[in-house]
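These protein sequence lines are chains G and B, in that order. Sequential numbering of the first sequence, starting at 1, is according to our numbering. Sequential numbering of the second sequence, starting at 1001, is according to our numbering. Even for Gly, the Cβ is constructed at its ideal location relative to N, Cα and C. Keep in mind the model is a prediction, meaning the values are calculated, not measured.
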Amino acid sequence: MSVLDSELGTDRSEADAAPRTRSGRRYAGAFRSAKEARRYWMLLAVLLALGIVASIGLLLYNNPVPVDSPSFIPVVKRRLTAVISMLIAALCHSFATVTFQSVTSNRIITPSLLGYEALYSVINTSTLYFFGATAFVSFIGMGSFLLQMALMIAVSLVLYGWLLTGKYGNLHLMLLIGIIIGAGLNSVSGFMRRLLAPSEFDLLQSRLIGSVTNAKAEYFPIAVPIVVAAVFLLFLFSRKLNVLSLGKDTATTFGVNYRTNIICALVLVAVLMSVSTSLIGPLTFFGFLVAMLSYQAAQTHDHRYVFPMAFAIGYAILTGAYFILYHMLNSATVVSVVIELVGGIVFLTVLLRKRSL
Amino acid sequence: MPVPRNVSAEVGIASQPPLSARRTIWTVPFIAAILAVIALGVVSLFTGVYDIWGQEDGWDMFFITRVPRTVALMLTGAAMAMTGFIMQLMSQNKMVEPTTIGTTEWAGLGLLAVYLLIPGPTLVMRMTGAIAFSFVGTMVFFLFLRRVRLRSSLIVPIIGLMLGSVVSALSTFMALFFRMSQVVENWFIGSFAPVQAGRYEFLWIIVIITVLIFLYANKLTLAGLGEDVATALGVNYNRLILFANALVAAAVGIVAAVIGNIPFLGLIVPNIVSMARGDDLRSNLPWVCVTGMGTIMLCDIISRVIIMPFEVPVSLILGTLGAVAFILILLRQRKMRRL
């Protein structure tokens, strides 16, 4: 299947979901042929292996102390924090973006649009602005993490409840209003940033640019169970998502309660996005990049297969990028910026090749 | 491309009074609006911390900072409101304006590129960079709009804003890489505080752009009917789109280089005017101009008074109020089931 083919989006997925006859035999699987299924599993295995190799590399490569030294384990432990946060980021962004794109029946938007980043930067900037640098540096405990997350989920729930239910519920309208709220919040935090001293500005900027070094291990006991639960629920939700991705009318015809189900899915998306944003900071186009690549790689629209592929790709990209930039080019700080840039450029090319939206 | 809403309104004879009834621009409400803008201008001239009457050099200061600032406000307001108006006409979408399709971000990228290529660039160089990049950005978006079939008119601003964030991600990357983040950050907050004699004169080019827009108003209105209709009526559609985009890019680029980012003005003003007066495109143009001037002056006066003796950048006021106004406009249209 060529690149263009898979971008035809929902028209194809309808065809793929339907049972089809092949060489006289009834075939109702997610793949068009056994060959494609084999290809899928091979690719998944290779990507997972790449991710594992890169994470082992991140853990062990270039370790300054020898293996038999007692301080070898602490060094690995410290590096493990970064690897776990990559795992969380990959899980959150891949599942959230794939779900979001299916629910909105649109392959080129990401949930990051809904203003999580703006909210995150407003929370951080206003902490620094109103309470000063000392308070800002100490605003990293469990309480602040939970507070940020609760705020983000609350805002998205209000948004969904307000704009998706009722007589005039409209998904595009909700998206647009989410973006505009984000823009408004950005201008508020932009103003506050302007009044900061350059030293404070640097302090803030290091936190506002997504980085796994922002993650603190003490958040993991809360973040990991939440993410695992949300991801598990979404995976169970796969078959519903297959139907929802066909669009409102088709899904309703198939007997799915459209509105209730998309709100459930979007709540899970909000949970994942807010965990990821408050744990490692904003990443706008990473999810887009991952989702797009995974549709290409999986060659199916069945979410049970797209989800694992998306996760494998996201994890391989993150760990691979960190390994290369950290150990070979010695510039770890720009990893997220590079990923964002690549994602942005891919977004542009996909956009310009689109025929319909 | 979908048939624009306003066409059906104009075609139905019963829904619109004949053109002759609306032809006169100098109606009583319009003169009242102009007087209101002049009054705001006077308020703007006499708002500030420096004591003009008491100090010896008070009147010098008046002509060095207050007059240029008020003029700059008027020109910028008119420019941004009209660019929004023209872009909405060309794209047949009420939600399009420099902020929502990324033109502003392109201009910012252009400025940054000039800063990187030339150490200590002059205003002319910065302006050229901003204009060139915003032209490219606007063309990219219009090219994209012409190619795709849209399911909803709301998709356009969503895609445009995403495009804008791609471009600003690029700017962030370059700024981080070359350690110029605070330049970008400072640029992105448009403010009239640094405007004074000798620093704003390029804004007068906007007068030329305005005159051109008024001269071509009829043709631009035809282009707003879509490629097929415009071509049938004897307009070279592609050339006109190129021309309109050049005008938009010039206005946005000049404002970006001299003032900075002025968000949402091009969206709110034309929408409010068309809500109040209907979609009578030709006679709305002067109204858009005047309302744009009034809105930005009001916002600037608020921004100067709100934390006196300091001042807030006007883009903060516009960004916040504009976001609220945008959401209200969207909700109102939702109520009217026009979306």
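At the C-beta level, PHE95(G) and VAL231(G) come within 7 Å of one another. For ARG107(G), the three-state secondary structure derived from DSSP is coil.
With contact defined as three or more Cβ pairs closer than 8 Å, the stretch 312–322 of chain G and the stretch 245–255 of chain G are not in contact. Ranking VAL1067(B), LEU1240(B), SER1091(B) and THR1320(B) by CA distance to the CA of ARG1149(B) puts SER1091(B) first. From the beta-carbon of PHE1144(B), the residues of chain G found nearer than 8 Å are LEU351, LEU352 and LYS354. When Cβ pairs closer than 8 Å are counted between the two stretches, the stretch 183–195 of chain G is seen to touch the stretch 1308–1317 of chain B, the count reaching three or more.
The beta carbon of PHE191(G) falls within 7 Å of a beta carbon belonging to chain B, placing the residue at that interface.
As computed with DSSP, ARG193(G) is found in no beta bridge at all. The stretch 269–277 of chain G and the stretch 103–119 of chain G touch, with three or more beta-carbon pairs separated by less than 8 Å. Within a 10 Å sphere around the beta-carbon of TYR61(G) sit fewer than 16 other beta-carbons, which makes this residue exposed.
Setting aside the 5 residues that flank it on each side, GLY178(G) is surrounded in the same chain by LEU113, LEU114, GLY115 and LEU159, each with a C-beta closer than 7 Å to its C-beta; the list follows chain order.
Partner residues in a beta bridge of ARG1277(B), as assigned by DSSP, do not exist. Using a Cβ-Cβ cut-off of 7 Å, ARG78(G) is close to nothing in chain B; its nearest Cβ partner there is about 25 Å away. Taken in chain order, the members of the stretch 1075–1097 of chain B whose beta-carbon sits within less than 8 Å of a beta-carbon on chain G are MET1095. Contact check between the stretch 240–248 of chain G and the stretch 272–288 of chain G: fewer than three CB pairs, one atom from each, fall below 8 Å, which does not count as touching.
DSSP places LEU1331(B) inside the alpha helix (DSSP H), whose first and last residues are 1314–1335. Residue range 34–60 is occupied by the alpha helix (DSSP H) that includes ARG38(G). Using a 10 angstroms sphere on the CB of LEU195(G), the tally of other CB atoms stays under 16, which defines it as exposed. Listed as beta-bridge partners of ARG1199(B) by DSSP are no residues whatsoever. Taking C-beta atoms as the reference points, ILE1131(B) and ALA1251(B) fail to come closer than 7 Å. Residue-level contact by beta carbon fails for THR1104(B) and chain G, as no gap is shorter than 7 Å.
Interface annotation, THR284(G): in contact with chain B, CB-CB separation under 7 Å. Against chain B, the CB of HIS172(G) has a partner CB under 7 Å away; the residue lies at that interface. Put simply, the backbone Cα of GLY1234(B) is about 36 Å away from that of HIS172(G). Residue-level contact by beta carbon holds for PHE1173(B) and chain G, with a gap shorter than 7 Å. By the neighbour-count criterion, in which a residue is buried when 16 or more other Cβ atoms sit within 10 angstroms of its Cβ, PRO308(G) is buried. At a Cβ-Cβ threshold of 7 Å, SER1044(B) and MET1297(B) count as neighbours. For VAL337(G), the chain B residues whose Cβ falls inside 9 Å of its Cβ are ALA1169, THR1172, PHE1173, LEU1176 and PHE1177, in order along the chain. By the criterion of a C-beta distance shorter than 8 Å, PHE1030(B) is surrounded in its chain by PRO1286, TRP1287 and VAL1290, once the five residues flanking it on both sides are discounted. The CB of GLY184(G) comes closer than 8 Å to the CB of GLY1319, THR1320, GLY1322, ALA1323 and VAL1324 in chain B, given here in chain order.
In the DSSP annotation of this structure, LYS354(G) is not part of any alpha helix (DSSP H), being labelled neither H nor E.
In this model, VAL1166(B) and LEU348(G) are separated by some 8 Å (Cα to Cα).
Take the alpha-carbon of PHE1135(B) and the one of ALA1246(B): they are about 6 Å apart.
Cβ neighbours of VAL46(G) within its own chain (closer than 7 Å, five residues either side excluded): none.
GLU1105(B) and MET1139(B) have their C-alpha atoms some 14 Å from each other.
Judged by their CB atoms, PHE1085(B) and PRO1270(B) are nearer to each other than the 7 Å cut-off.
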